[in-house]
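Counting along the sequence shown from 1, when you hit position 9 you're at 10 in the working numbering, and nothing is skipped either side.
Below is one structure, written out as structure tokens; comments come after it.
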Amino acid sequence: MNTPSLVVSNLRKVYQTNSEEIVVLDSVSFTLQAGENMAIVGPSGAGKSTLLQILGTLDQPTSGSVQVAGMDPFQLSENQQAKFRNERIGFIFQDHHLLPQWNVLENTLLPALANGKPRREHQERAVSLLERVGLSHRLGHLPSQLSGGERERVAVARALLLKPAVVLADEPTGNLDQQSADTVAQLLLEVPKEENTVLIVVTHSTTLADQMQKCFELRLGQLHLKA
Ligand code: ADP
Ligand code: MG
Numbered sequence: 002m003n004t005p006s007l008v009v010s011n012l013r014k015v016y017q018t019n020s021e022e023i024v025v026l027d028s029v030s031f032t033l034q035a036g037e038n039m040a041i042v043g044p045s046g047a048g049k050s051t052l053l054q055i056l057g058t059l060d061q062p063t064s065g066s067v068q069v070a071g072m073d074p075f076q077l078s079e080n081q082q083a084k085f086r087n088e089r090i091g092f093i094f095q096d097h098h099l100l101p102q103w104n105v106l107e108n109t110l111l112p113a114l115a116n117g118k119p120r121r122e123h124q125e126r127a128v129s130l131l132e133r134v135g136l137s138h139r140l141g142h143l144p145s146q147l148s149g150g151e152r153e154r155v156a157v158a159r160a161l162l163l164k165p166a167v168v169l170a171d172e173p174t175g176n177l178d179q180q181s182a183d184t185v186a187q188l189l190l191e192v193p194k195e196e197n198t199v200l201i202v203v204t205h206s207t208t209l210a211d212q213m214q215k216c217f218e219l220r221l222g223q224l225h226l227k228a
């Protein structure tokens, strides 16, 4: 039962430009158990987004390995990897990435659409997550009819819809006022823990980082435990 949910070993990422090699990640290793959460802080350009993108299989490492619930997603075929990403990884971006022409409920159901029409259980889970994030009265609203904090809460509900193994959030409160940021942070900390989901949050907010179980700084390509 105690299989770690996420094992990252010696991850390295080098970008090759015409004139030089840029080493963005250099032997990054860590392990998180089911339900654990971790903050990553660090200066702009440190490689935080690159790390999250690799963990979510949106980008490839130059070397090293990632295991999610005992599986190495980089060993999968392209189709299997897309399915893995959709079902096992939840992404939350700073600018929410909601589809403007879809309402709140439809946007939340997006991950369930990969396999055709969402099933009734997905509908029920979407409604209950939206209730949980305080948006049950906004199901039919379009993203343009919501505040920034509300949009980010929809993104949280959407990321959690399929009960992923790992949720990755890239500066989820970066564009929000303090009160909205606090609400989003609270939901992010509560729901994954209840559902045994690993949560990694890249953030500039020390308030949020301080509330997480582990906090690392990414500096010169390596993770350093913050005191
Ligand atoms: P952060 O999220 O910490 O601000 P990023 O992960 O976005 O940092 O970027 C880390 C570094 O990698 C930056 O120096 C950036 O310029 C570089 N980088 C990101 N993507 C590419 C790319 N496709 N080609 C070359 N360099 C890149
Ligand atoms: Mg970034």
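Idealized CB from N, CA, C, for every residue including glycine.
Express the C-alpha separation of residue j and residue i in angstroms, rounding to a whole number.
i, j, result
"N197", "E22", "39 Å"
"A210", "L52", "17 Å"
"V203", "V8", "18 Å"
"S148", "D60", "31 Å"
"T109", "V192", "15 Å"
"L219", "H123", "36 Å"
"A182", "G150", "7 Å"
"V15", "K227", "25 Å"
"G46", "L12", "17 Å"
"S78", "H98", "26 Å"
"E125", "G117", "16 Å"
"G48", "S64", "15 Å"
"Q81", "L56", "16 Å"
"P112", "S10", "28 Å"
"K164", "R89", "7 Å"
"L143", "N104", "4 Å"
"R120", "V128", "13 Å"
What residues in its chain sit with their C-beta under 7 Å from that of residue i, if we drop five residues either side in the sequence?
i, result
"P5", "T32, L33 and Q34"
"A160", "G91, F92, I93 and V168"
"V185", "G150, E153, R154, V157, P173, T174 and L177"
"L189", "V157, A170, P173, L200 and V202"
In the DSSP assignment, what residue or residues form a beta bridge with residue i?
i, result
"L226", "F217"
"L190", "DSSP output for L190 lists no bridge partner at all."
"K14", "L26"
"D171", "V203"
"T32", "V8"
Given a threshold of 16 other Cβ atoms within 10 Å of its Cβ, counted over all protein chains shown, does residue i qualify as buried or as exposed?
i, result
"H138", "exposed"
"D96", "exposed"
"G222", "buried"
"A115", "exposed"
"A40", "buried"
Could you pull out every residue in the same chain whose Cβ sits closer than 6 Å to the Cβ of residue i, ignoring the five residues on either side in sequence?
i, result
"L224", "V29 and F217"
"V42", "A210 and E218"
"P62", "L12, K14 and I55"
Residues in the same chain with beta-carbon distance under 8 Å from residue i, minus the five sequence neighbours each way, listed in chain order, please.
i, result
"G73", "Residue 73 is actually Asp in this sequence, not Gly. Hits under 8 Å: S66 and V67."
"S145", "P101"
"E107", "L100"
Closer than 5 Å: residues whose CB approaches a heavy atom of ligand 1: Having a Cβ closer than 5 Å to some heavy atom of ligand 1 are Y16, V25, S45, G46, A47, G48, K49, S50 and T51.
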